[in-house]
Amino acid sequence: MPYLRFSTIILLLTSVLMLSASVVTHQQVDSVLTALDAAIACIPANQQQKEARISELRSRLRTARYPETKMNIMRDLYYEYRVYQNDSATYYADRFLDLAVKHDRPLLIAEARMALLDSYLTVGLFKEAAEIDAQIEPALLPVDLRVSYYLLKARMYQNMESYVSRDSKLGIEYAAHRTAAYDSIIAITQPGSYSADVARLERQLVYEAKPQLAVDTRRRFVRCTDLTEHDRAVNYSILASALLSLNDKPGAIYYYALSAIQDINTDTRETTAAKDLAKLMLETGDIRRANNYIHMALNDATFFNSRLRAIEIGQVMPKIEIARYNWLSSQRWALFVIVLVVGLSLAMAVMLAYKLKNRNAQLATSHAEINRKNLELEDNNNALKLLNTKLHETTEIKDQYIMQSLYGNTDFVEEVETKCTKALARLKAGKYAELGRIINSINVKQQRQLMYTAFDEAFLKLFPNFFDEFNKLLEDDYRIGIDCDGRLPTDVRIFALLRLGIRNPVEVAKYFNISVNTVYVYKTRIKSHAKVSKTDFDNLVLAIPKP
């Protein structure tokens with residue numbers, strides 16, 4: 038146990054020293070996760086020490102005679118239970134308040150109400166929290182308790198704001214109350230103090246999320262040496278969330294783990310770090326740690342009696358349990374397959390040894406038969422080579438046919454466009470009779486559609502498996518199907534031409550009567566949904582085999 042505490046302190050000191058670095062390495066992540074796993078094993082020992090302190094305070098309360106002594110012990114018990122067990126914390130806060138009211142201690146009454154306000158907020162009893170807040174007189178409190186009160190007030194309105202739209206009337210009102218609470222803190226604290234800096238940071242984040250600002254400022258906060266362990270855990274957790282907003286998962290894992298270690302060291306059961314860390318472990322594929330951390334979070338939430346945390350954990354745990362079940366199932370199947378393969382191998386080895394003995398006697402007779410079969414096989418191979426040659430020739434004829442068809446259709450379209458040009462010339466010259474004959478003899482759009490239809494039919498006959506193979510290169514949500522009338526989409530036709538060997542974008546644009554830029558746009562749009570490298574996409578299309 039002392040060794041673990043010493044190693045944890047070294048790890049935390051290292052984390053403070055590395056805060057100036059912007060990148061968390063994989064070695065640092067592995068180190069902090071190892072330290073967290075060791076800390077989890079010591080939770081029962083930590084809890085025994087916690088319960089011993091609580092038991093000693095209860096004994097003192099039972100024997101205390103004077104009201105002042107009783108109120109001080111009740112306050113100490115509340116703080117012992119504050120982040121440890123909500124029901125007990127609320128119980129002693131209530132008793133603290135009753136005794137303070139009975140003996141008319143205005144300052145202690147306000148402090149007891151703050152304790153109740155904190156307990157109600159922690160478990161989501163916002164109505165009760167608002168009622169108790171209305172009874173607190175901040176003017177009675179010294180500066181340090183007044184700062185704590187305004188932080189509680191800001192937290193209350195932040196929690197209430199999360200249940201309404203930011204742009205709604207209530208959302209705007211709650212945000213204004215939060216801002217006012219932070220302004221009150223700034224007004225009564227020394228500039229540069231931790232409380233003032235926290236208030237200034239949170240005030241900037243009321244109306245706009247600024248993850249980089251949160252990261253930079255929280256890193257500065259945790260370098261403060263006079264921070265309590267619980268405040269340090271909170272800052273680590275917030276820092277991890279901000280890094281996650283910046284898509285820095287290694288950094289988020291690192292600081293969530295540090296926060297969880299601090300929570301264990303301070304016997305904190307009201308925490309989100311373990312739950313958030315479990316989600317990241319699931320995303321990285323570390324099912325064992327994800328399962329350990331989510332169960333630790335669930336045990337904490339159950340022990341603390343936080344319904345809000347239990348609901349949050351309930352949204353994550355099924356995903357982890359399913360992943361863990363699948364992993365265990367795969368492990369069992371793998372073991373079963375290994376045992377089966379080994380058993381079959383042994384059985385086959387015995388059978389082969391027996392058969393080998395009998396087969397040796399038949400080798401002489403079989404040798405002549407093998408020679409005869411080899412001659413027949415050689416004849417068959419020659420026949421297959423001849424057949425392959427004919428198939429190759431047939432394929433070349435098909436390819437040549439479709440190429441000729443493509444360029445023939447292109448020439449036809451160009452001829453029609455030439456007639457259109459002549460028609461315009463007749464129009465300008467006033468030769469309307471000739472103009473009518475020219476116009477009646479062409480239908481460019483119809484001919485182009487016929488040309489594309491002919492191309493589609495010919496191509497799909499040659500490559501009936503093209504769509505299946507092409508879709509394998511795309512993400513599942515962006516797979517493409519043939520139109521209901523059997524035609525290929527234009528962007529797929531571009532890759533169909535590529536499969537036929539037409540790679541020049543100028544030729545492709547000419548065939549489809551579009552610009553070269555449009556060809557690039559079509560290709561880029563398709564490649565943006567590819568699950569293979571964009572640089573390899575064209576080559577993989579060219580490699581699609583003919584059945």
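The sequence shown begins at 38 in my numbering and counts up by one. Beta carbons are placed, not taken as given, at the ideal position from N, Cα and C, and that holds for glycine.
Check: In chain order, what residues of the same chain have a beta carbon less than 8 Å from the beta carbon of residue 53, not counting five sequence neighbours either side?
Finding: Here the model assigns residue 53 a pLDDT of 48, short of 50, so the residue's position is not dependable, and the following value carries that caveat. Excluding residues within five positions, the ones whose Cβ falls inside 8 Å are 259 and 260.
Check: Excluding sequence positions up to five away, which residues of its chain have a Cβ less than 8 Å from the Cβ of residue 143?
Finding: 174 and 177.
Item checked: As assigned by DSSP and simplified to three states, the class of residue 567 -> In this structure, residue 567 counts as strand in the three-state DSSP scheme.
Next item on the list: If I'm right that residue 369 touches residue 328 with Cβ under 8 Å, what's the distance once you round it to whole angstroms?
Entry: With 8 Å as the limit, residue 369 and residue 328 do not qualify as a contact, their Cβ atoms being about 16 Å apart.
Item checked: Exposed unless 16 or more other CB atoms sit within 10 angstroms - verdict on residue 430 -> Reliability fails at residue 430, whose pLDDT of 39 lies under 50, so the model's placement of it is uncertain and no value is given.
Notebook entry, point to check: Taking Cβ positions, are residue 323 and residue 278 nearer each other than 9 Å?
Noted result: No, they are not a contact pair.
Check: Is the stretch 559 to 569 in contact with the stretch 507 to 521, if contact means three or more CB pairs nearer than 8 Å?
Finding: Taking a cut-off of 8 Å for Cβ pairs, the stretch 559 to 569 and the stretch 507 to 521 touch, as three or more such pairs fall below it.
Next item on the list: Express the C-alpha separation of residue 391 and residue 380 in angstroms, rounding to a whole number.
Entry: It is roughly 17 Å from the alpha-carbon of residue 380 to the alpha-carbon of residue 391.
Check: So, is residue 416 buried or exposed, given that buried needs 16 or more other C-beta atoms within 10 angstroms?
Finding: By the beta-carbon neighbour count (other beta carbons within 10 angstroms, threshold 16), residue 416 is exposed.
Next item on the list: Have a look at residue 583 and residue 498 and give me their C-alpha separation to the nearest angstrom.
Entry: If you draw a straight line from the Cα of residue 583 to the Cα of residue 498, it comes to about 10 Å.
Margin query: Out of 179, 187 and 181, which one is the CA nearest neighbour of residue 170?
Written below: Cα-wise, what sits closest to residue 170 is 187.
Checklist line | Assigned secondary structure, residue 178 (DSSP; H/G/I helix, E/B strand, else coil) | finding: Coil, per DSSP.
Notebook entry, point to check: Does the Cβ-Cβ distance between residue 70 and residue 107 come in under 9 Å?
Noted result: In terms of Cβ geometry, residue 70 and residue 107 do not form a close pair [threshold 9 Å].
Next item on the list: Helix, strand or coil for residue 511, going by three-state DSSP, please let me know.
Entry: Three-state result, residue 511: strand.
Item checked: Of the residues 184, 301 and 165, the one placed nearest residue 80, counting alpha carbons only -> It is 301 whose Cα lies nearest to the Cα of residue 80.
Note to self: Give the list of continuous alpha helix (DSSP H) stretches no shorter than 4 residues that lie fully inside the stretch 136 to 188.
What the structure shows: List check, alpha helix (DSSP H) in window: 143 to 159 and 163 to 170.
Next item on the list: Might you give, ordered along the chain, the residues of its own chain that have their beta carbon closer than 8 Å to the beta carbon of residue 117, omitting 5 neighbours on each side?
Entry: Sequence-distant partners of residue 117 (beyond 5 residues in either direction) whose C-beta falls short of 8 Å from its own C-beta, in its chain, are 87, 90, 91 and 94.
Item checked: residue 325 versus residue 315: straight-line alpha-carbon distance, rounded -> So the alpha carbons of these two residues sit roughly 10 Å apart.
Notebook entry, point to check: residue 482 by DSSP, collapsed to three states: which one?
Noted result: Looking at residue 482 - three-state DSSP - the assignment turns out to be helix.
Notebook entry, point to check: What three-state label does DSSP hand residue 307 in the structure shown?
Noted result: Residue state, collapsed to three classes: coil.
Checklist line | Top-ranked residue by Cα proximity to residue 525, from 555, 491 and 167 | finding: Scanning 555, 491 and 167 for the CA closest to the CA of residue 525 turns up 491.
Checklist line | Straight-line Cα distance separating residue 214 from residue 163 | finding: Cα to Cα, the separation comes out at about 15 Å.
Notebook entry, point to check: Expressed to the nearest angstrom, what Euclidean distance is found between the alpha-carbon atoms of residue 373 and residue 538?
Noted result: Rounded to the nearest angstrom, the gap between the Cα atoms of residue 373 and residue 538 is 49 Å.
Note to self: So for residue 519, helix, strand or coil by DSSP?
What the structure shows: Coil.
Check: For the candidate residues 540, 295, 531 and 455, whose alpha-carbon lies nearest to that of residue 73?
Finding: Closest by C-alpha distance to residue 73, out of 540, 295, 531 and 455, is 295.
Margin query: Helix, strand or coil for residue 115? Go by DSSP, reduced to three states.
Written below: The answer is helix: DSSP assigns residue 115 an H, G or I state.
Notebook entry, point to check: What's the gap between the Cα of residue 348 and the Cα of residue 342?
Noted result: Going from the Cα of residue 348 to the Cα of residue 342 covers about 11 Å.
Next item on the list: Determine the direct distance from the alpha carbon of residue 412 to that of residue 399, and round the result to whole angstroms.
Entry: Inter-residue distance for residue 399 and residue 412 is about 20 Å (C-alpha atoms, whole angstroms).
Next item on the list: Would you mind sorting residue 50 into buried or exposed? The rule is 16 or more other CB atoms within 10 Å of its CB.
Entry: In this prediction, residue 50 has a pLDDT of 47, which is less than 50 and means its spatial position is unreliable; what the coordinates show is noted afterwards. Its Cβ having fewer than 16 others within 10 Å, residue 50 is exposed.
Notebook entry, point to check: Measuring CA to CA, which of 204, 407 and 272 is closest to residue 245?
Noted result: Residue 204 is the option with its Cα nearest to residue 245.
Item checked: C-beta contact flag for residue 306 and residue 120 at 9 Å -> Taking 9 Å as the Cβ cut-off, residue 306 and residue 120 qualify as a contacting pair.
Next item on the list: If I'm right that residue 219 touches residue 239 with Cβ under 8 Å, what's the distance once you round it to whole angstroms?
Entry: Correct: roughly 6 Å between the Cβ atoms.
Margin query: I'd like the span of the alpha helix (DSSP H) that includes residue 97, first residue to last.
Written below: Residues 80 to 100.
Next item on the list: Just confirm the distance between the C-beta atoms of residue 553 and residue 543, as a whole number of angstroms; I'd bet it's less than 8 Å.
Entry: Sure, about 6 Å apart at Cβ, within 8 Å.
Margin query: Please report the straight-line C-alpha distance between residue 410 and residue 516, rounded to a whole angstrom.
Written below: Cα-Cα distance, rounded: 49 Å.
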